[in-house]
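Okay, structure first, notes after.
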Amino acid sequence: MDESPEPLQQDRGPVLVRRQRPAPQGLCEMLKARLWRSCSCSVLCARALVQDLLPATRWLRQYRPREYLAGDVMSGLVIGIILVPQAIAYSLLAGLQPIYSLYTSFFANLIYFLMGTSRHVSVGIFSLLCLMVGQVVDRELQLAGFDPSQEGLQPGANSSILNSSDAMLDCGRDCYAIRIATALTLMTGLYQVLMGVLRLGFVSAYLSQPLLDGFAMGASVTILTSQLKHLLGVRIPRHQGPGMVVLTWLSLLRSAGQANVCDVVTSTVCLAVLLAAKELSDRYRRHLRVPLPTELLVIVVATLVSHFGQLHRRFGSSVAGDIPTGFMPPQVPEPRLMQRVALDAVALALVGAAFSISLAEMFARNHGYSVRANQELLAVGCCNVLPAFLHCFATSAALAKSLVKTATGCRTQLSSVVSATVVLLVLLALAPLFHDLQRSVLACVIVVSLRGALRKVWDLPRLWRMSPADALVWAGTAATCMLVSTEAGLLAGVILSLLSLAGRTQRPRATLLARIGNSAFYEDATEFEGLVPEPGVRVFRFGGPLYYANKDFFLRSLYSLTGLDAGCVAARRKERGSEWEVGDGGPAQGKDLGAVSSRAALAPAAAGFHTVVIDCAPLLFLDAAGVTTLQDLRRDYGALGISLLLACCSPPVRDVLSRGGFLGEGPGDVAEEEQLFLSVHDAVQTARARHRELEATDAHP
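Every letter in the sequence shown is one number past the one before it in numbering that gives the first Met the number 0, and letter 215, counting from 1, is 214.
As structure tokens, then:
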């Protein structure tokens, strides 16, 4: 690359020579080049495209069975065993039949095996998405005229009759519910695929970790509330809209006397066993090669007890009912329903994408490889688009199963194929065995799975001590989820996060710096003792960018710390001619500054300093308003005989200053050499030398 000498320092230390940049490519030329690269076709390009879209075609060729196969098979079996009870249980949250949860777990594992870039993430049913799907399904069922208190997981539920002409007359409750869910899932997947095609993987970064934790906490409380009626065995209305959690609790309190004793006893025993097993597993995790399949054991034992004890017939305990085997023929989601749920799908797409990308990146960092966020969007989107035609509902990555997958020795996504095989076995042969499984047991499995999310409330005090702004985002998101709705909670979290970010950049920390002894380093004089202020020089540090939203705060901070409102004083001096006034910053008023050279010498005596040095190291960026602010500040200080110098400017800041006219007409001219310095110490020493020269000139005219 060609270089042209462009000295930025003269006789005061090292000299920077800026590289000559190549001429920027025009917009038309850039678009033509990208279009040509996209449209050019060859065997190598086609192979690279296939490998990018289906990463499994790349890593399968490098698969080492001796090293990877044992761990993948073991983790796949364990996840498959966990998936079966969770799939049946989470169907309660989604308001769908258990068979659809099994379909979802099966197809999601196979598709992510082909398209995912993470080696350890487990994609499938996720409690938060199941809750959001269930809320949309319940709302649409009510609009279609179904009894809102009727449950889909019971024998004969599919024989319900529609009271609304808005739905097909030959479709019962369960049939219409899965149509709603598949329409919602298809729209969710289309949004995620579109985000991946448009390279919008970075959008998930704006869903901060406090936001996601608060959302998980609020949604977990909502899930817990929705499962209490199954734990108690009572029938209450399924509330929708704002205040759903509060209204559900009130309904539970009014119906507590109608609790089913059999369900209450079953729930108590199952919760005790599951919680005790989870605590023991956490305590002795290092000594266990594989996690205990407690959920599966509890479900098997509970099913046997319910079947031989005839709990449904004798005590009226609700059971899962008929679970068919095999696969249903594909069906295209209804466009009319897709239009109705298009807005609801936005929240599902964002939540699913954010959790999937964050988990993929977390496991990639922990295990030393990289993932592609945009490909993850495509993979998760296809896990929703394609299965939507096969009676499945929305999926994403799940933390709990991903952690188990890693702990049991998973090395690649081949473990997902093993998990899908276990689910397939249940789909083809074992599903009818769960006919007599009580719904209270399924609710216990769901409640125990929320243990990790509910424990996050204990992180709030630590988060408050570390960052009050993040704690407010966490609390606001969780509270809105619980008191309004999950969608409103997500929106509130995004708004609070953006306001927090804007607040931190709008009012960053501003300080005056002083010298550390006889060294060339400067630090905050209010934070450290024993620092030596430079006589006649004020060193100002602004800990953030300078842009339109904080330019006034920048000036107020500078004027307050230096004790001189340069803008106000310069305006007064301009109005009154030779009269000099110093408001809050100095005692002198009404002094005649005389000629230009004398003015430069007398201004420091009135204001207490002759130079202001701005430490631009924390200055991340400038916009047009920021450049204008610096230009006006230099003009006002210049009218008072005070110099304004900039130190430690990054190359992007230099470029903006140059293009904005702050440094003169062209790069490398005298204005740039007099304004920019490589270090604060260099700027301070130059300012003192210039002031001595001015004093000597005034002393010997």
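Even glycine gets a Cβ: it sits at the ideal position worked out from N, Cα and C.
Please read all numbers here as calculations on a predicted model, not as lab measurements.
Item                                                                                                         : Value
Where Ala688 sits in the DSSP three-state scheme                                                             : helix
Local Cβ density within 10 Å of Asn517, reported as buried at 16 or more and exposed below that              : exposed
Ser642 - DSSP class collapsed to helix/strand/coil                                                           : strand
Close beta carbons around Tyr636, own chain, < 6 Å, minus the five adjacent residues each side               : Ala565 and Leu643
Spatially closest choice to Val679 from Arg653, Ala646, Ala688 and Glu673, by CA coordinates                 : Ala646
Exposed unless 16 or more other CB atoms sit within 10 angstroms - verdict on Val626                         : buried
Cβ neighbours of Ala359 in the same chain (closer than 6 Å, five flanking residues each side left out)       : Ser117, Val120, Val370 and Glu375
First through last residue of the beta strand (DSSP E) which encompasses His609                              : Phe608 to Asp614
heavy atom of the ligand FAD below 6 Å from Tyr546 C-beta                                                    : As far as ligands go, the structure on display features none, and thus does not contain the ligand FAD.
Val122 beta carbon less than 7 Å from that of Ala107                                                         : yes
Buried or exposed by the 16-neighbour rule on C-beta atoms within 10 Å, applied to Tyr283                    : exposed
Beta bridge counterpart(s) of Ala509 as assigned by DSSP                                                     : Phe541
DSSP state of Gln338 mapped onto helix, strand, coil                                                         : helix
For Leu48 and Arg454, the rounded distance between their alpha carbons                                       : 44 Å
Residue environment, Cys44, which counts as buried when at least 16 other CB atoms sit within 10 Å           : exposed
For Leu246, three-class secondary structure by DSSP                                                          : helix
Distance between beta carbons of Val655 and Thr610, contact taken as under 8 Å                               : Contact flag wrong, Cβ pair sits at about 23 Å.
Contact belief for Thr485 with Met131 at Cβ below 8 Å, rounded distance in angstroms                         : 6 Å
For Ser305 and Leu436, believed in contact at Cβ under 8 Å, the rounded distance                             : 6 Å
Enclosing alpha helix (DSSP H) for Asp281 [first to last residue]                                            : Val260 to Arg282
Segment contact flag, the stretch 376-396 with the stretch 350-359, C-beta cutoff 8 Å, min 3 pairs           : yes
Continuous beta strand (DSSP E) stretch holding Tyr521: start and end                                        : Tyr521 to Asp523
Closest by C-alpha distance to Ile179, when choosing among Pro334, Ile356 and Asn373                         : Pro334
Where Leu675 sits in the DSSP three-state scheme                                                             : strand
Closest residue to His690 among Trp473, Gly640 and Ser203 (Cα-Cα distance)                                   : Gly640
4 or more residues per run - each alpha helix (DSSP H) lying fully within the stretch 372-405                : 372-384
Outcome for Ala32 when other beta-carbon atoms lying within 10 angstroms are tallied against a minimum of 16 : exposed
Whether Leu210 touches Val456 by CB criterion (7 Å)                                                          : no
Residues that Gln239 bridges to, as DSSP identifies them                                                     : DSSP lists no partner for Gln239.
Bridge partner(s) assigned by DSSP for Arg514                                                                : Tyr521 and Val531
Alpha-carbon to alpha-carbon, Arg634 and Gly188                                                              : 56 Å
Cβ pair count under 8 Å reaching 3, the stretch 90-99 against the stretch 56-64                              : no
Secondary structure, alpha helix (DSSP H): runs of 4+ residues fully inside the stretch 50-92                : 55-58
Per-residue DSSP class, three states only, for Gln309                                                        : coil
For Ala218 and Leu127, believed in contact at Cβ under 8 Å, the rounded distance                             : 5 Å
Beta-carbon gap between Ser266 and Leu291 smaller than 7 Å                                                   : no
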